[in-house]
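Notes follow once the structure below has been shown.
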Amino acid sequence: MNDIQTYPIFPLSVFAFPGEEFELHIFEERYKHLVNDVMESHQMFGIPYVLNGEAQDRGCLVRIETVKNQTENGEMDIVVKVVELVNFLTRSSSPSKLYMEGNVELLHFEDTKPGPRLLLLYHRFMLMRDEGKEPEPLVDNNIFELAARLKIPSNQKFSFIDDQLPEHFERNLTNFLTLQIQIESMTQEMGSRFVLN
Numbered sequence: 001m002n003d004i005q006t007y008p009i010f011p012l013s014v015f016a017f018p019g020e021e022f023e024l025h026i027f028e029e030r031y032k033h034l035v036n037d038v039m040e041s042h043q044m045f046g047i048p049y050v051l052n053g054e055a056q057d058r059g060c061l062v063r064i065e066t067v068k069n070q071t072e073n074g075e076m077d078i079v080v081k082v083v084e085l086v087n088f089l090t091r092s093s094s095p096s097k098l099y100m101e102g103n104v105e106l107l108h109f110e111d112t113k114p115g116p117r118l119l120l121l122y123h124r125f126m127l128m129r130d131e132g133k134e135p136e137p138l139v140d141n142n143i144f145e146l147a148a149r150l151k152i153p154s155n156q157k158f159s160f161i162d163d164q165l166p167e168h169f170e171r172n173l174t175n176f177l178t179l180q181i182q183i184e185s186m187t188q189e190m191g192s193r194f195v196l197n
């Protein structure tokens, strides 16, 4: 895949990491056309992240995994999987299409293997969150899989990437986990004091 290519785009207030899957309900006419065109051409499509009503320059590139339901009027529920994180360089309308297209540039991450400090924090946080239950081993052992398991809201995920070099992602995630562990520790300590009193 070249660094810059043109894809159909579907702006959404969803930001996800490579490997994550999520469901979309397609009901607008333009996006019915987009999904049908993408399935016919076996292409992917881009999702610029919408923050406070505005499409941002960063988002993800997804492929359709399955169509779960489809009605007679063309509405459908689809499951998509994130393939890459991207920058949207341009967005434009085409007279022959109801939806927009955009030129996208892949965001390059030099190394997606989580470092030892991040792995330690992840393990500690998951034990605290899941009340001592040992977390499942990482299948692909990459930083995106780790981040996806934290179940972070889209705006928080986006803040890890927005206006940062991709290599800063691990640092941002490490800082996030450090803070979450401190909050969880304080919450548990306050709960213990309440029980004792």
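Okay, so the sequence shown: first residue is 1 according to full-length UniProt numbering, each after it adds one. Note that the Cβ used here is the ideal one computed from N, Cα and C, for glycine as well.
1. For the 8 Å Cβ check, are there 3 or more pairs between the segment 29-47 and the segment 6-15?
2. Across the segment 131-139 and the segment 98-108, are there enough close Cβ pairs to call them in contact, namely three or more that are closer than 8 Å?
3. Using 10 angstroms around the beta-carbon of Lys68, count the other beta-carbons present and answer buried if the total reaches 16, otherwise exposed.
4. Go to Glu134, then tell me how far its alpha helix (DSSP H) extends in each direction, as first and last residue.
5. With distances taken Cα to Cα, identify the nearest neighbour of Glu170 among Ala147, Gln5, Ser13 and Cys60.
6. Are the segment 71-79 and the segment 148-159 in contact at 8 Å, needing three or more beta carbon pairs?
7. Using 8 Å for Cβ pairs, my map puts Asn36 next to Asp57. What's the rounded Cβ distance?
8. From the DSSP output, read off the bridge partner residues of Gln182.
9. To the nearest angstrom, how far is it from the Cα of Ser96 to the Cα of Tyr31?
10. Residue range of the beta strand (DSSP E) that Leu85 falls in?
11. Spatial neighbours of Thr112 within its chain, please: C-beta separation below 7 Å, excluding the five flanking residues on both sides.
12. What three-state label does DSSP hand Leu122 in the structure shown?
13. What whole-angstrom Cβ distance do Thr174 and Arg117 have, given they're in contact under 8 Å?
14. Just the C-alpha distance for Ala16 and Cys60, rounded to the nearest angstrom, thanks.
15. Residues in its own chain within less than 7 Å of Arg124 by CB, not counting five upstream and five downstream?
Result, derived from the coordinates:
1. yes
2. no
3. exposed
4. First-last for Glu134: undefined, no H or E at that position.
5. Ala147
6. no
7. That belief does not hold up - the Cβ atoms of Asn36 and Asp57 are roughly 27 Å apart, past 8 Å.
8. None; Gln182 has no bridge partner.
9. 14 Å
10. Met76 to Ser93
11. Asn142, Ile143 and Phe144
12. Reading off the sequence, residue 122 comes out as Tyr, not Leu. Three-state result, Tyr122: helix.
13. 6 Å
14. 7 Å
15. Ile181
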